[in-house]
């Protein structure tokens, strides 16, 4: 960053950004008002980072102004707040559907406006009209933001900014993670003092920052810092209680640090960097699952990490000590699922996110159970995928691998580790086998089953299809005639009454 020019140029921007800057400048000129490009977009430009999120400060009503810009772009405008007045333009470019442009009110004085923003590195201004007219414009720096950009420090713009908007507490950790900036001591002190104010922030806004932090590769480091400053105690008091679980038995870390270590390890699992090369190759084949979109800029990787953060959440409530002094946590996954459900509601996760997280917490011990079984059967492996489904099953494998890598207590033997990895490999092998089988032409359809047995659409049809699917996987069925023979016998049994049996037989005979 040092020595970089203190100007920004349209030539170095994407077509998407240039389009909205010129439209905003045209509206400003028509209304004879000032408009500045400000905040993260300017910061990222100076850092050489690509950004799709523009921020404007305008000396007009941001809602009315933004609506007019949106109309020129043929875009959608969404009012975000009315006190202070803030609006957002979305979807003006089909090639970059997640690009946004926010409009806020400019206070009339650069230094005053800058002091109301979160960090000095985000308090840099560019005259948008001059930029649109000349193609280049100087960056205005009322709070010495350039120096802090060069030092990569997150310095608060003023003492009041965290009180004005407590969500900025979480932004400090997000910027630290995404920009590789340090949080200096004075900013840390302010965060620690203001942490309780997070309880006043809207859950939906907290969720966005929380998800973005967890999605970053340095989520582990941010969680450690958040704990040191008391932020985790406010956000997730249930998590902090894990410090009561001592390091013992299979675990070389206390419950809290084991959980944070598991979050760190799940990043490695997702990247295919476990201790098992065979598992790594298979995990690399399912990278798409972790990039699956769950919300605005929220992806599968965040869901897996949040579930990992909550996977042992009920251990403090379920901890018992036997006569030999060994710790047990019977049923912690079941109780943890109920706790995770309440936590997801508190954070306002979407229904899909919540269902996935809760299922992962409740199911995270299933691979361990399979590893401890006397015999690992194909039926048990297939049941795992039938119960969890494709996406959640893949996430469960990654979580289980991370849990294993974060567990290195004296009682954990190499044989147990290898058996656990074997189960995870076989689970993914089974997944690929099932996927390949489903991609083949289905021998019998649901409609054909309904027609042959004269039954209504019902769970019985699904049960019949699953029976055929398992038989194909087992090699017991290879033709359509084989499938009908298997189903004819099964239907007679499932109908379960004499009249039903006679009717089924009559249909089969015909």
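Numbering (the working numbering), first residue to last: 1433 to 1942. Just so it is clear, CB atoms sit at the ideal spot from N, CA and C, and this is done for glycine as well.
The shortest C-alpha to C-alpha distance from residue 1559 to any of 1553, 1567, 1552 is the one to 1567. Here DSSP, grouped into helix, strand and coil, assigns residue 1508 to strand. By the 16-neighbour rule on beta-carbons within 10 angstroms, residue 1736 is buried. Using a C-beta cut-off of 8 Å, the segment 1822-1835 makes no contact with the segment 1914-1930, since fewer than three inter-stretch Cβ pairs fall below that distance. Going by DSSP, residue 1540 is part of no alpha helix (DSSP H) at all; its letter is neither H nor E. Between the segment 1804-1815 and the segment 1668-1687, the count of C-beta pairs closer than 8 Å stays below three; the two stretches do not touch. Each residue's CA atom was taken as its position, placing residue 1791 and residue 1818 some 13 Å apart.
Counting only runs that start and end inside the segment 1610-1644, the alpha helix (DSSP H) elements of at least 4 residues fall at 1617-1626. Following the DSSP letters along the chain, one finds residue 1762 in no beta strand (DSSP E), marked with neither H nor E. As DSSP reads the structure, residue 1517 sits in a beta bridge with 1514. Residue burial is scored here from C-beta neighbours: residue 1762 has fewer than 16 other C-beta atoms within 10 angstroms and is therefore classed as exposed.
About 42 Å separates the Cβ atoms of residue 1780 and residue 1570, ruling out a contact at the 8 Å cut-off. In the three-state DSSP reduction, residue 1480 falls in the coil class, being neither helix nor strand. In this structure, DSSP gives residue 1788 a helical state, which the three-state scheme calls helix. When the alpha-carbon of residue 1550 is set against those of 1585, 1801, 1593, 1728, the nearest one is in 1593.
Within the segment 1437-1475, the runs of alpha helix (DSSP H) at least 4 residues long that lie entirely inside it are, in chain order, 1447-1463. DSSP places residue 1559 within a strand segment (E or B) once states are collapsed to three.
CA-CA distance, residue 1858 to residue 1816, rounds to 11 Å. Within 10 angstroms of the beta-carbon of residue 1752 lie fewer than 16 other beta-carbons, which makes it exposed. Sequence-distant Cβ neighbours of residue 1627 in its own chain, meaning closer than 7 Å and more than five residues away, are 1601, 1661, 1662, 1663, 1666. Annotated three-state conformation of residue 1748 is helix, per DSSP. Within its own chain, the residues whose Cβ lies closer than 8 Å to the Cβ of residue 1727, once the five positions on either side in sequence are excluded, are 1643, 1782, 1785, listed in chain order. Counting every other CB atom within 10 Å of its CB across the protein chains shown gives residue 1769 a total of 16 or more, marking it as buried. Just so you know, the alpha carbons of residue 1649 and residue 1608 end up roughly 11 Å apart.
Taking every protein chain shown into account, the CB of residue 1699 has 16 or more other CB atoms within 10 angstroms, so this residue is buried. Residue 1456 has its alpha-carbon roughly 49 Å from the corresponding atom of residue 1689. DSSP places residue 1833 outside any beta strand (DSSP E); the residue lies instead in the alpha helix (DSSP H), whose first and last residues are 1822-1837.
Residue 1738: member of the alpha helix (DSSP H) spanning 1732-1742, first to last residue. Secondary structure of residue 1649 (DSSP, three-state): coil.
The DSSP-derived three-state label of residue 1753 is strand. The residue from 1451, 1694, 1875, 1542 with its alpha-carbon nearest to that of residue 1528 is 1451. Rounded to whole angstroms, residue 1508 and residue 1488 show a C-alpha spacing of 16 Å. For residue 1725, DSSP records a beta bridge to 1731. For residue 1488, the enclosing beta strand (DSSP E) stretches over residues 1485-1490. Between residue 1619 and residue 1575 a beta carbon distance of about 14 Å is seen, past the 8 Å cut, so the two are scored as non-contacting. Under the three-state reduction of DSSP output, residue 1574 falls in the coil class, being neither helix nor strand.
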